[in-house]
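Below is one structure, written out as structure tokens; comments come after it.
Residue numbers (the working numbering): 8 to 254.
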């Protein structure tokens with residue numbers, strides 16, 4: 008069956024999506040609030056509002072675009088969730104009526120678009136939503152250490168990672184990737200006394216330099232790149248990057 012992100016981020020995933028920290032969320036909110044100025048701000052792939060809600064709590068108006076209805080439903084159930092203007096649809100094509108000094112996408116969500124064309128289209132859409140002096144911010148992993156990009160002895164690019172080991176549950180991530188398309192297909196496998204839980208996901212990984220070229224196609228140039236949200240230097244050892252683009 009073809010991968011469908013609408014169902015893969017369904018009710019079961021949405022119910023537990025907030026259980027595991029996804030980087031330094033407090034620092035992310037602080038930096039985004041600084042970059043947004045008086046706002047408003049627009050989040051692509053707003054999800055359950057893990058960043059948007061605390062950002063809105065600083066006084067900013069935060070709008071969002073989200074593909075999965077179950078994630079929006081989870082956001083709406085949280086305090087303040089009903090106050091956010093969220094469009095349900097594809098962040099590569101949905102257009103909001105306003106323009107924003109800050110458009111951002113975090114948690115590697117740009118990689119949920121599975122082709123280079125879709126990713127290019129997404130960045131162009133972000134650029135369309137910016138005010139003349141606005142910035143587009145992307146938080147994303149660096150593929151090399153994240154996926155161990157090397158051929159194994161059988162010529163199959165794959166990996167297994169023990170994501171969590173505890174007395175009641177073991178979580179394992181199993182994946183394969185295609186160098187030609189940069190697509191990763193993987194399963195989050197949960198093992199517990201209640202049985203086996205399988206959660207599929209697919210993504211297309213992006214090199215930082217490739218992301219820069221996509222931004223240039225949209226008329227944006229790189230203003231800054233850090234190894235995290237607190238001005239950590241970006242270098243060859245960095246596991247992720249936070250990049251700021253502007254006109």
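In this text, a Cβ means the ideal position worked out from N, Cα and C, and glycines have one as well. A quick note: this is a predicted structure, and the numbers were derived from the prediction, not measured.
| query | result |
| --- | --- |
| For residue 184, which residues in the same chain have their Cβ closer than 7 Å to its Cβ, ignoring the five residues on either side in sequence? | 154, 164, 190, 191 |
| Should residue 214 go down as buried or exposed, given a rule of 16 or more other Cβ atoms within 10 Å for buried? | exposed |
| Should residue 218 and residue 250 be called a contact, given that it needs their Cβ atoms to be closer than 9 Å? | yes |
| Taking DSSP as the reference, what is the three-state secondary structure of residue 189? | coil |
| Would you mind sorting residue 105 into buried or exposed? The rule is 16 or more other CB atoms within 10 Å of its CB. | exposed |
| Quick one: Cα of residue 75 to Cα of residue 95, how far? | 7 Å |
| Using the beta-carbon count (16 or more within 10 Å), is residue 67 buried or exposed? | buried |
| Are residue 109 and residue 56 close, meaning C-beta to C-beta below 9 Å? | no |
| Which word fits residue 8, buried or exposed, when buried means at least 16 other C-beta atoms lie within 10 angstroms of its C-beta? | In this prediction, residue 8 has a pLDDT of 49, which is less than 50 and means its spatial position is unreliable; what the coordinates show is noted afterwards. Exposed. |
| I'd like the span of the beta strand (DSSP E) that includes residue 254, first residue to last. | Premise fails: residue 254 is in no beta strand (DSSP E) and is neither H nor E. |
| For residue 175, which residues of its own chain have a beta-carbon under 8 Å away from its beta-carbon, when the five flanking residues on both sides are left out? | 199, 200 |
| Helix, strand or coil for residue 117? Go by DSSP, reduced to three states. | helix |
| Please classify residue 140 as buried or exposed, where buried requires at least 16 neighbouring CB atoms within 10 angstroms. | exposed |
| From residue 211 to residue 118, what does the alpha carbon distance come to, in whole angstroms? | 5 Å |
| Just to confirm, are residue 142 and residue 253 a CB contact at a threshold of 9 Å? | yes |
| Express the C-alpha separation of residue 135 and residue 241 in angstroms, rounding to a whole number. | 28 Å |
| Between the Cα of residue 232 and those of 225, 216, 224, spot the shortest distance and give me the residue it belongs to. | 216 |
| Expressed to the nearest angstrom, what Euclidean distance is found between the alpha-carbon atoms of residue 120 and residue 45? | 30 Å |
| Relative to the C-alpha of residue 150, which residue among 173, 248, 41 is closest? | 248 |
| Below 8 Å on the Cβ atoms is my contact criterion, and I expect residue 294 with residue 48 to pass it. Report the Cβ-Cβ distance as a whole number of Å. | Residue 294 lies beyond the stretch modelled for the chain, which goes from 8 to 254, so this question has no answer here. |
| Only counting runs of 4 or more residues, tell me where the alpha helix (DSSP H) segments fall wholly within the stretch 98-145, in order along the chain. | 123-135 |
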